[in-house]
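So the structure is just underneath, and the comments pick up after that.
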Amino acid sequence: MKPDSSAPATPTPVGHAQGDLSHIPPRDKAELLSQALPYIRKYHGKTIVIKYGGNAMTDPALQQDFAEDVVLLKLVGLNPVVVHGGGPQIEDALNKLGKKGHFIQGMRVTDEETMSVVEWVLAGEVQQDIVGLINVAGGKAVGLTGRDGGMIRAKKLKMVDKDDPAKEHDVGQVGDIVAIDPSVVKALQDDQFIPVISPIGFGESNESYNINADVVAGKLAEVLKAEKLVLLTNTPGVLDKAGNLLTDLSAREIDELFADGTLSGGMLPKIASALDAARSGVKAVHIIDGRVPHAMLLEILSEQAYGTMIRSH
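Numbers 1 to 313, taken from full-length UniProt numbering, label the letters of the sequence shown in order.
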């Protein structure tokens, strides 16, 4: 179990630029590197699915940190798979077109015109930015949508009203996953590529569906039998009612947090996806603070906790 650490990351000392390690004695540098060895050995050859979102996707310094972390994980023998969101970017594109986003129970209503915007923003601008960043950092990233290799088959999401179960909301081309075929992802992994996946599925009549990225990441982790699912967020992780970070939870403890109302609001879909993945064979799910530089690397390859780990057992 990782030690509890709700404290923020250590600030960069005055006079040292971020990334400048000249002030750290060589013995300390060696100790930091050696701490990663057991984790590298343990996870070598294992698949890690990463949901990339929040500030880590919009802050240029954090974007670069993320790309470097993904490349490093690949180089030391892990198999990272990236699933990305893009809500703010979609909203910006709709605003430029003079179209106002509309939400029902937190879900974006996606008519045909909005779906076209979603596709060119997610599968175009956002995805290619991520692919480019990873490639510049020394990796070999390939962008995919759910259409590629017939990966994500979907159907129209039936949204039941939270207050009246007899009532159903029409949210347009928002999708519910029918099945995931991971063969194209596995083929790319075998060839040392890093898949970057936009959460867009396709239906029986070749129609497109916008799918929640947390849900896609969770289901993909399940079918790939991933060792870990990592969800980057704009929060420190799961907090108790006093605001303290809970670094290590079981599925049963998560159920208790739901029952007593500790978990609510925007965290619910992330936690639901995390819980489904943990119960379906993903050994550990990490909900981490993507606002902390290199938080993902620190969470996976060190003893330091930068978020909440949900264990399958």
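For each residue, glycine too, the CB sits at the ideal point set by N, CA and C.
Query	Result
For a test of the three-state rule: what should DSSP assign to V39, helix, strand or coil?	The sequence given here places Tyr at residue 39; Val does not occur at that position. Here Y39 sits in helix by DSSP.
Please report the Cβ distance between I271 and V215, rounded to the nearest whole angstrom; I am assuming they are in contact, meaning their Cβ atoms lie under 8 Å.	Not really, about 12 Å apart at Cβ, beyond 8 Å.
Under 8 Å: do the region 287-301 and the region 59-75 share three or more Cβ pairs, one atom per stretch?	yes
L232 and P98 - do their beta-carbons sit closer together than 8 Å?	Residue identity check: residue 98 is Gly in the sequence provided, not Pro. Cβ atoms of G98 and L232: not closer than 8 Å.
Cutting at 6 Å between CB atoms, please list the residues of its own chain near Y52, excluding the five before and the five after it.	V82, H84, L232
Relative to the C-alpha of D161, which candidate in K155, A154, H169 has its C-alpha closest?	H169
Measure the C-alpha to C-alpha separation of Q189 and G150 and round it to an integer number of angstroms.	17 Å
Please list the terminal residues of the continuous alpha helix (DSSP H) segment that includes K74.	60-75
Could you check how far apart the C-beta atoms of A251 and A278 are, in whole angstroms? I think they sit under 8 Å.	5 Å
On the CB-based measure, 16 or more other CB atoms within 10 Å of its CB, does K219 come out buried or exposed?	buried
If we ignore side chains and look at the alpha-carbon of each, how far apart do T58 and K155 end up?	30 Å
Please classify F103: is it buried, with 16 or more other beta-carbons within 10 angstroms of its beta-carbon, or exposed?	exposed
Grouping DSSP H, G and I as helix and E and B as strand, with all else coil, what is N79?	strand
Under DSSP, the alpha helix (DSSP H) around K96 begins and ends at which residues?	87-96
Quick one: give me the first and last residue of the beta strand (DSSP E) that K155 is part of.	152-156
Within 8 Å, do at least three Cβ pairs link the region 278-287 to the region 305-312?	yes
Cβ of G143 within 8 Å of Cβ of Q128?	yes
Quick check on the DSSP output: what are the complete beta strand (DSSP E) runs of length 3 or more inside the region 125-189, in order along the chain?	141-144, 152-156, 175-180
Would you report the Cα separation of I50 and K167, rounded to the nearest angstrom?	35 Å
Taking only the alpha-carbon atoms, compute the straight-line gap between I194 and D164 and give it to the nearest angstrom.	43 Å
Suppose the cutoff is 8 Å on Cβ atoms and the five residues either side in sequence are ignored; what does the same chain contact list for A123 look like?	G143, T145, S198, I200
Short of 7 Å in beta carbon distance, which residues of its chain neighbour A226, apart from the five on each side in sequence? Order them along the chain.	T47, I48, V49, V282
Going by alpha carbons, who is nearest to A61 out of Y306, V185, L301, G290?	G290
What are the boundary residues of the alpha helix (DSSP H) that includes I271?	267-279
With DSSP as the reference, label K219 as helix, strand or coil.	helix
Could you check whether Q89 and V126 sit closer than 8 Å to each other, using their CB atoms as the reference points?	yes
Out of curiosity, what's the CA-to-CA distance linking S183 and V223?	10 Å
For chain D, find out if any of its Cβ atoms is closer than 8 Å to the Cβ of I271; answer yes or no.	Structure shown: chain D not included; a single protein chain is present.
So for I211, helix, strand or coil by DSSP?	coil
On the DSSP bridge assignment, give the partners of K51 in chain order.	V83, L231
Please report the distance separating the alpha-carbon of V171 from that of G106.	11 Å
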